[in-house]
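Residue numbers (my numbering): 105 to 270.
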């Protein structure tokens, strides 16, 4: 936990309203899917989130709260790769009213501390929209470097990565 935020895993369907608040928001999703997710799609995605969070107790998707107000402000993720052993993907989404206030940096720092404390992880990746300069700056400041720039699942994307061991 940092001074300004704390994390709690998404763990039950009661958490869906916070999740949907983010993923249905056009502004939040503009740099992710280029559109807010409709209820049906968000519900299907959330079921996957809950299954992965149950499978990997220390990893997955986390609700982010402001420590002072206990308000939900966003989502952070550290998803283990299903295809490459020792790799995980870092990500974060914030409600627009929390943009530009340093929360993204704190979320990234907190999740990187989790990754660095995990013996079997050796590489962390993050996928961003190349137009998202704020996210790119956060990742570069955390020691990430660009590995790929091009189309990812039909959208513009950039993969940044950081080796954390070996």
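Note that the Cβ used here is the ideal one computed from N, Cα and C, for glycine as well.
Pick helix, strand or coil for residue i, following the three-state DSSP scheme.
| i | result |
| --- | --- |
| residue 143 | helix |
| residue 105 | Residue placement at residue 105 cannot be trusted, given a pLDDT of 46 that sits under 50; what the coordinates show is reported in the next sentence. It is coil, neither helix nor strand. |
| residue 218 | helix |
| residue 271 | Residue 271 lies beyond the range of the chain shown here (105 to 270); nothing can be said about it. |
| residue 199 | coil |
| residue 151 | helix |
| residue 158 | helix |
| residue 244 | helix |
| residue 176 | strand |
| residue 186 | coil |
| residue 250 | strand |
Once the 5 residues before and after residue i are set aside, which same chain residues still bring their CB inside 6 Å of it?
| i | result |
| --- | --- |
| residue 105 | Note on residue 105: pLDDT 46, under 50, position unreliable in the model; the coordinate value appears next. Taken in chain order, the list of residues that qualify is empty. |
| residue 269 | 226 |
Using a 10 Å radius around the Cβ and a threshold of 16 neighbouring Cβ atoms, would you call residue i buried or exposed?
| i | result |
| --- | --- |
| residue 205 | exposed |
| residue 208 | buried |
| residue 214 | buried |
| residue 210 | buried |
| residue 186 | exposed |
Near residue i, which residues of its chain fall below 7 Å by C-beta distance, leaving aside the five closest residues on each side in sequence?
| i | result |
| --- | --- |
| residue 160 | 184 |
| residue 171 | 107, 108, 109 and 110 |
| residue 263 | 229, 231, 251 and 252 |
| residue 122 | 167 and 176 |
In this structure, what does DSSP give as the bridge partners for residue i?
| i | result |
| --- | --- |
| residue 133 | Answer is none; residue 133 lacks a bridge partner. |
| residue 208 | Answer by DSSP bridge pairing: none, since residue 208 is not bridged. |
| residue 110 | 169 |
| residue 257 | The partner list for residue 257 (beta bridge, DSSP) is empty, contrary to what the question assumes. |
| residue 229 | 193 and 265 |
Cutting at 8 Å between CB atoms, please list the residues of its own chain near residue i, excluding the five before and the five after it.
| i | result |
| --- | --- |
| residue 131 | 200 |
| residue 218 | 162, 163 and 182 |
Checklist entry - For the region 127-145 against the region 230-237, are there 3 or more C-beta pairs whose distance is under 8 Å? => result Output reads yes: the region 230-237 touches the region 127-145.
Next on the checklist: Within 8 Å, do at least three Cβ pairs link the region 181-201 to the region 223-232?
Outcome noted: The answer is yes - the region 181-201 touches the region 223-232, with three or more Cβ pairs under 8 Å.
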